[in-house]
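Undergrad:
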Amino acid sequence: MRLSGAHLRVLLALARGHALKSHRDVNGGKVYQLHPLDGPAEAVARSTVEYLQDHGLIDSNKKFPVATYWLTETGKIVVATIRPRPG
Numbered sequence: 000m001r002l003s004g005a006h007l008r009v010l011l012a013l014a015r016g017h018a019l020k021s022h023r024d025v026n027g028g029k030v031y032q033l034h035p036l037d038g039p040a041e042a043v044a045r046s047t048v049e050y051l052q053d054h055g056l057i058d059s060n061k062k063f064p065v066a067t068y069w070l071t072e073t074g075k076i077v078v079a080t081i082r083p084r085p086g
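Take the sequence shown: its position 3, counting from 1, is numbered 2 in numbering that gives the first Met the number 0, and each next residue is one higher.
Here is the structure:
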């Protein structure tokens, strides 16, 4: 598994409490957005989200029209290896 800067950015944001959501429109189109604790949401590429899902690092509640994503246990382990622990 090779994580890009975009992958790492999403993983670290989720670890900091940001919300990753996919929003579907009535035509079935899907837009991924990373919602920080404050401030505007930012778009995330579909390929980034799919890669993280395919590698078991994130999962979702698979809800319609808005699904919410979170770190899996594997994702948490990966984040722990790339983010130094405080103290």
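For every residue, glycine included, the Cβ atom is placed at its ideal position computed from N, Cα and C.
Any idea what DSSP makes of residue 24, helix, strand or coil?
TA: Sequence index remark: in the sequence shown, residue 24 carries index 25 (1-based). DSSP places residue 24 in coil when its eight states are reduced to three.
Undergrad: Give, in chain order, every unbroken run of the beta strand (DSSP E) that is at least 3 residues long and sits entirely within the segment 4-76.
TA: The qualifying runs are 18-23, 29-34, 41-43, 57-59, 65-70.
Undergrad: On the criterion of 16 or more Cβ atoms from any shown chain inside 10 Å, does residue 11 qualify as buried, or is it exposed?
TA: Here residue 11 corresponds to residue number 12 of the sequence shown, with the count starting at 1. The residue is exposed, with fewer than 16 neighbouring Cβ atoms inside 10 Å.
Undergrad: From residue 7 to residue 74, what distance separates their C-alpha atoms?
TA: Mapped onto the sequence shown, residue 7 falls at position 8. Mapped onto the sequence shown, residue 74 falls at position 75. Rounded to whole angstroms, residue 7 to residue 74 spans 10 Å at the Cα level.
Undergrad: Answer with buried or exposed for residue 56, where buried requires no fewer than 16 other C-beta atoms within 10 angstroms of its C-beta.
TA: Start at 1 with the first residue of the sequence shown, and residue 56 comes out as number 57. Answer is buried; the Cβ neighbour count reaches 16.
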